[in-house]
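What follows is a single structure, written as structure tokens, with notes after it.
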Amino acid sequence: MPPELTVAVVALVLVLAALAFVVGLWTGHRRLRGRMEELHGRVVSLRGDVGTLPDRMAELTGHVEALDGQVSEMAEAPLIARALVHPRRVALVLNPIKAEADTVRERVAAAVREAGLPELEVYETTVEDPGQQMTRDAVAGGADVVIAAGGDGTVRFVAEELAGTETSLGVVPLGTGNLLARNLRFPLEDLDACINTALHGTARQIDSIDIKVETTDGTTVRNTFLVIAGAGVDAEVMGDTRDDLKVKAGWLAYGEAGMRHLPGSRKEISVSLDGGAPRRRKVRSVMVANCGELTAGMDFVPEARFDDGLLDVVMLSPRHVGDWIRIAAKTLTKSRHEIPVMETHQATRCRVVLHEPMAAQLDGDPIGEVRSIDARVRPDSLRILVPAADVPDSAAAPAMKPEAVPEEHA
């Protein structure tokens, strides 16, 4: 090939290569510019999204709060709350001699079925065993809730076995006094409402009181009570109230017995609080209380609370009718003003030595004459199901008085 042609070919190749380079550079520039414009658009869009982010977060927060409110409303609705939180297995300890015993058995069983729970286990109390072994059998059978259906006595024996356990106590009050249920604001006139509370009520921890008494024959008996124990005229009234009158007149029957026992002489006792030195008193009655309200709404011991970790010791020393009137006036008016014939103290333990035997009672049940009483509180030892609007918080209860029992008044 002539040199001129070779040079021409080489020049053509170089021109074509240069042209291809220029075209490629131009095409790449266009693509890069397109991508830059696309990226810029995305950046602008992202800036817009960032600008609306606070509003979106506020909107999302509103949705979350609304959803939380709806969930709370659902959880607080009675039927749904029962479905979310209910006992797995329920047992009924029933006093069969109560007038409404058969009705209670049927309605509790129906309520258990309606709640979708396993079949109700029913245990009937007897004269020989008012509920202790029945409660032990119920717990051994896997009961999460044991319902005591009867008076304060039945409730006391069931509670004695449940104290210190994780098993809950339900209460269907069928007695005359029903002091535990009264103090816990149970709807006493509505049987179905009480059954509903026993199955689906609010769980609450309350104190129980362990008590040891020495009988006249020297025997030591240990029990647990929830409401009030005492020796003297209160026990005499409980033991002498006519059963037929209780059926006809209810709690008014206790008033009739009380009027008959107002006359009488004081007896000497020695009281020791929290291990302190014993102090002598002459009394008609000495009581250890875990709550303060009696029948007819009488607030006998306003300071007493179920969950304050304290027991309340009350000593009555009236000498005549006028003193009884002063005690009645203080109780009925709910006055916190102290009067000499009604002495009250708080402690975690109380020991009372009776210088001569006195009739005694536990939660309204007469237990015969005793020579001494030794009671101590077990804080938060009993889990009980109560109505949603139960008794006030124990923060309102006063602290235990640090001073010792004062000298005997004149």
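Counting in this note's numbering, the sequence shown runs from 1009 upward without gaps.
Glycine included, C-beta positions come from ideal geometry on N, C-alpha and C.
Small disclaimer: the values here were computed from a predicted structure and weren't measured.
- Per DSSP, the unbroken beta strand (DSSP E) holding M1295 starts and ends at S1293 to A1297.
- Across the structure, I1335 and E1073 are spaced so that their CA atoms are roughly 55 angstroms apart.
- The beta carbon of T1223 lies closer than 8 angstroms to those of V1229, G1376, E1377, V1378 and R1379 in the same chain, with the five residues before and after it left out.
- Around the Cβ of Q1213, a 10 Å sphere holds fewer than 16 other Cβ atoms; the residue is exposed.
- In this structure V1322 touches M1350 by the C-beta definition: roughly 7 angstroms separates them, less than 8 angstroms.
- Check the Cα spacing between K1338 and each of F1308, A1355 and E1364: the tightest is with F1308.
- Pairing I1277 with D1331, the inter-Cα distance amounts to about 19 angstroms.
- With a 10 Å radius around the Cβ and a threshold of 16 neighbouring Cβ atoms, R1050 comes out exposed.
- Within the same chain, L1192, G1209, T1210 and R1212 come within 6 angstroms of V1394 by CB-CB distance, once the 5 residues on both sides are set aside.
- When C-beta atoms of the stretch 1152-1170 are compared with those of the stretch 1237-1246, fewer than three pairs fall below 8 angstroms, so the two segments do not count as touching.
- Looking at the backbone, the Cα of L1324 and that of T1175 are separated by about 37 angstroms.
- Secondary-structure assignment with DSSP links I1217 through a beta bridge to F1233 and V1385.
- With a 10 Å radius around the Cβ and a threshold of 16 neighbouring Cβ atoms, R1327 comes out exposed.
- Annotated as distal: R1190 and E1169, with beta-carbon spacing of 8 angstroms or more.
- For L1390, the closest alpha carbon among the candidates G1178, E1301 and V1120 is that of G1178.
- The Cβ-Cβ distance between D1320 and T1341 does not fall below 8 angstroms.
- If you compare the alpha carbons of K1220, N1186, G1124 and P1181 with that of A1201, the shortest gap goes to P1181.
- Looking from the CA of Q1140, the closest CA among Q1354, N1103, V1112 and L1128 belongs to N1103.
- Taking the Cα of M1306 as reference, the smallest distance to any Cα among D1282, F1314, S1343 and V1329 is reached at S1343.
- In this structure, P1126 and R1097 form a Cβ contact; the two beta carbons are roughly 5 angstroms apart against a cut-off of 8 angstroms.
- Taking all protein chains shown into account, V1112 has 16 or more neighbouring C-beta atoms within 10 Å of its C-beta and is therefore buried.
- Rounded to the nearest angstrom, the Cβ distance from T1232 to A1297 is 15 angstroms, too far for a contact under 8 angstroms.
- Looking only at E1364, V1329 and Y1131, the smallest Cα-Cα distance to G1272 is reached by V1329.
- In this structure, the straight-line span from the alpha carbon of G1372 to that of N1186 is close to 9 angstroms.
- Per the DSSP secondary-structure output, R1212 pairs in a beta bridge with I1392.
- When secondary structure is reduced to three states using DSSP, I1105 falls in the coil class, being assigned neither helix nor strand.
- One alpha carbon belongs to V1241, the other to S1293, and they sit about 5 angstroms apart.
- Following the DSSP letters along the chain, one finds G1161 inside the alpha helix (DSSP H) bounded by residues D1160 to L1170.
- Within the same chain, T1210 come within 7 angstroms of A1396 by CB-CB distance, once the 5 residues on both sides are set aside.
- Taking A1237 as reference, the option from L1040, G1183, D1063 and R1384 with the minimal CA-CA separation is R1384.
- Distances from the alpha-carbon of A1107 to those of I1203, R1038, G1159 and K1290 put G1159 closest.
- Excluding five sequence positions before and after G1183, the CB atoms of its chain that fall closer than 6 angstroms to its own CB belong to G1159 and D1160, given in chain order.
- For M1142, the CB contacts under 7 angstroms within the same chain, skipping 5 residues up- and downstream, are V1101, Y1131 and T1133 in chain order.
- In the structure shown, E1346 falls within a coil segment according to DSSP collapsed to helix, strand and coil.
- Boundaries of the beta strand (DSSP E) harbouring V1130: E1129 to E1132, taken from the DSSP string.
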